[in-house]
Amino acid sequence: MSQADEPIELHSELLLDIKRVNYHKSYLASIERAIRNGADVRGYFVWSLLDNFEWNSGYSVRYGLYYVDYQSLQRIPKSSAKWYKALLTNDTYIDQPIGSKRNTNDTDRTRHIKH
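Numbering (full-length UniProt numbering), first residue to last: 1 to 115.
So this is what it looks like as structure tokens:
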């Protein structure tokens with residue numbers, strides 16, 4: 001039985017995707033440094049929104065921010081989806097631990113970089 005065929009209860013560890021969160025944190029911190037050093041960065045896109053079919057690996061790898069149960073097509077947000085949403089809605093900073101909220105009195109840090 002492959003991951004794609006197993007019930008979601010067996011994959012709760014897939015929903016707690018700390019490595020993916022840390023990857024995006026690191027990548028976004030690098031982008032922030034590049035912008036501060038003068039790079040013309042126009043955007044950032046996460047791959048992928050949903051678990052999907054990858055040409056080299058089929059359905060065995062799960063890169064998405066949302067877990068997809070391929071039998072029922074139910075979509076369940078992973079920790080990375082929750083963290084990314086908090087980042088985009090300005091509730092957290094890139095380097096904050098997962099689940100922690102932004103201090104609204106913290107005026108010297110911003111999510112958006114002005115240049």
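For glycine and all other residues, C-beta sits at the position ideal for the given N, C-alpha and C.
Exclusion of the five residues before and after L49 leaves G64, L65 and Y66 as the residues of its chain whose Cβ lies within less than 8 Å of its Cβ. It is roughly 34 Å from the alpha-carbon of Y93 to the alpha-carbon of W55. Here Y44 is near I31, since their CB atoms are less than 8 Å apart.
One thing to note: S79 has its Cβ within 8 Å of the Cβ of L16.
Taking C-beta separations shorter than 6 Å and ignoring five residues to either side along the sequence, the partners of V68 in its chain run L50, D51 and R75, following chain order. Counting only residues of its own chain and dropping the five nearest sequence neighbours on each side, V21 has a CB closer than 7 Å to the CB of S79, S80, W83 and I98.
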